[in-house]
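First comes the structure, then the notes that go with it.
Numbering (my numbering), first residue to last: 4 to 559.
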């Protein structure tokens, strides 16, 4: 068979090499192109995930995700933009640096939805951060697209002239898009334009408590608001609305009930932990808020805790107890107010506040168990309340002798507590042995009145068992019906009360009381510290009655 070589073209080796080289280049270009597409897709994925994490406030994860995207060296301008937003939400200086990097890279678009970002910032009342973001966006977006958000920032900053100018230049498109909120903007402008004080803090019924004037000074709206450490609040807080748990009616009634006496009354909703009133009348300027800071000798209200420790040790036998009005403890005469005679039960000892019975209980239990019950009631542990400095009760580390232990078991000498910690004792008994986390800020709202922070009732822990709690509650009720609190009795409402008298005789004894009402369905737990008022069963009970009678409507 003959082969016709005319149909075959001879290929030189150089031509083969050229073709191979060309094919290799094409493959390399395809690989690079495909890699770039894949990198772009991965970068897009990281940017989308980063935005989602930022809007969900998972800033640490968002930062890590965007740093990974940056390592791919694609879409750097958009990644710098996203990192800037991530740091902006955290109020970090790096935000501005990353925005500058994005501008230097010639950013033309953002992978993030800038409107969502601004909505989120404004909804959270972050107007300074919104302003920073708007200034950055203006450098590569049409400023007319930002005018609604810019106006909101002007209103929050009380720059009404600029706000009004912007509102008057809104396009039809803007008016249609933001119709409802533009009405709110106009309403805010009309309400605040001629005012010299801008109120930012209100009670639970939205009664103004504090405002800020044009010079930036904080002004109280009445003579009786609770006192705060303003350094713990941000500048943004003064541009928004802070709604407190405070009930101004109870607050005003508490101040009137104290009358001529210095001291404190603090009230709390035992079921929720909401602080309803915190009245401090004090000439001593060492305390910002005496209700939470001033340490007092508590007196007989501590017998509630001594009783808790006793009920915990079910095998201890003290009762019936014979009170002769004086006993020798640690080689010294230990006195009671009166001779109670035969005291049958622990409840009876509480009802009539028998010092000698509780001194003997303390001695039988020992300092370790008494100290343990103080710890159960969080006397060793501070509870944080926004804007309010709080002192921890003073409890001795050790007891040197029986006399000291007996005295401490009835709330005298080395033991010191604040009125706030005293009300916690009352709230535990009122709430079936459970302590709720106390709070005073109910919610925060932005300029449009939309809440962006809400505090809800939260249980800290059960302090005492329910059966123990009912014994103490019933004894406190009987103290009003037939014992030391009978002068506080009010027709038509059951009150639970424990009286205490402490302090120095030469200065006049302090009247100290804790209690709650209505006794079987408490709406309020309270502590009263009336300095120099004398015996709690007399003047203190009168103050309690005056307080509760004036707030009967609140207790229904």
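Glycine is no exception: its CB is placed at the ideal position from the N, C-alpha and C atoms.
Item: Nearest-angstrom Cα separation, counted from residue 552 out to residue 521; Value: 12 Å
Item: For residue 271, three-class secondary structure by DSSP; Value: strand
Item: Same chain only: Cβ atoms within 7 Å of residue 560, ignoring 5 sequence neighbours per side; Value: Lying outside 4 to 559, the shown extent of the chain, residue 560 is not represented and no answer is given.
Item: Touching by the beta-carbon criterion (3+ pairs, under 8 Å), the segment 413–429 and the segment 292–305; Value: yes
Item: Alpha carbon of residue 152 to alpha carbon of residue 176, nearest angstrom; Value: 14 Å
Item: Where the beta strand (DSSP E) through residue 244 begins and ends; Value: 244–247
Item: Alpha-carbon spacing of residue 494 relative to residue 531, whole angstroms; Value: 21 Å
Item: Other residues of its chain near residue 4: CB distance less than 6 Å, five sequence neighbours each side excluded; Value: Because residue 4 carries a pLDDT of 49, less than 50, the predicted location of this residue cannot be relied on, and the following value inherits that uncertainty. Cβ neighbours of residue 4 beyond the five flanking positions: none.
Item: Residue span of the beta strand (DSSP E) that contains residue 517, given as start and end; Value: 513–520
Item: Per-residue DSSP class, three states only, for residue 485; Value: coil
Item: Coil, strand or helix - residue 229 by DSSP; Value: coil
Item: Boundaries (first-last residue) of the alpha helix (DSSP H) holding residue 132; Value: 130–140
Item: As assigned by DSSP and simplified to three states, the class of residue 150; Value: helix
Item: Environment of residue 218 [buried if 16+ CB atoms lie within 10 Å]; Value: exposed
Item: Cβ of residue 424 within 8 Å of any chain C Cβ; Value: In the displayed structure, chain C is absent; only one protein chain is listed.
Item: Contacts around residue 8, its chain only, beta-carbon distance under 7 Å, and the 5 residues preceding and following it disregarded; Value: Residue placement at residue 8 is poorly supported in this model, since its pLDDT is 48, which falls under 50; the coordinates still yield a value, given next. Closer than 7 Å at the Cβ level, and outside the excluded window around residue 8, lies no residue.
Item: Residue 422, buried or exposed, once every other Cβ within 10 Å from all chains shown has been counted against 16; Value: buried
Item: Assigned exposure category for residue 338 - 16 Cβ within 10 Å defines buried; Value: exposed
Item: Residue 250, DSSP secondary structure in three states; Value: coil
Item: Identity of the residue in 206, 255, 234 nearest residue 226 by Cα; Value: 255
Item: For residue 8, the three-state DSSP class (helix, strand or coil); Value: At residue 8, the pLDDT of 48 sits below 50, so the modelled position is not reliable; the number obtained from the coordinates is stated separately. In the structure shown, residue 8 sits in a helix (DSSP, three-state: H, G or I).
Item: First through last residue of the beta strand (DSSP E) which encompasses residue 454; Value: 454–457
Item: Coil, strand or helix - residue 211 by DSSP; Value: strand
Item: Residue 173 - DSSP class collapsed to helix/strand/coil; Value: coil
Item: Pairwise C-alpha distance: residue 119 and residue 81; Value: 16 Å
Item: Same chain, Cβ closer than 6 Å to residue 86, five either side skipped, listed in chain order; Value: 69, 101
Item: Beta-carbon proximity of residue 133 to residue 144, cut-off 8 Å; Value: no
Item: Span of the beta strand (DSSP E), counted from its first residue to its last, around residue 344; Value: 344–346
Item: Nearest neighbour of residue 331, chosen from 405, 96, 504 [CA to CA]; Value: 405
Item: Assigned secondary structure, residue 540 (DSSP; H/G/I helix, E/B strand, else coil); Value: helix
Item: Cα-Cα separation between residue 90 and residue 138, rounded to whole angstroms; Value: 16 Å
Item: Alpha helix (DSSP H) runs contained entirely in the segment 464–510, provided each spans 4 or more residues; Value: 469–484
Item: Three-state secondary structure assigned by DSSP to residue 388; Value: strand
Item: Residue closest to residue 378, alpha-carbon to alpha-carbon, out of 398, 106, 360, 392; Value: 398
Item: Best match in 241, 476, 402, 558 for proximity to residue 306 [C-alpha to C-alpha]; Value: 476
Item: DSSP beta-bridge partners of residue 266; Value: 284, 533
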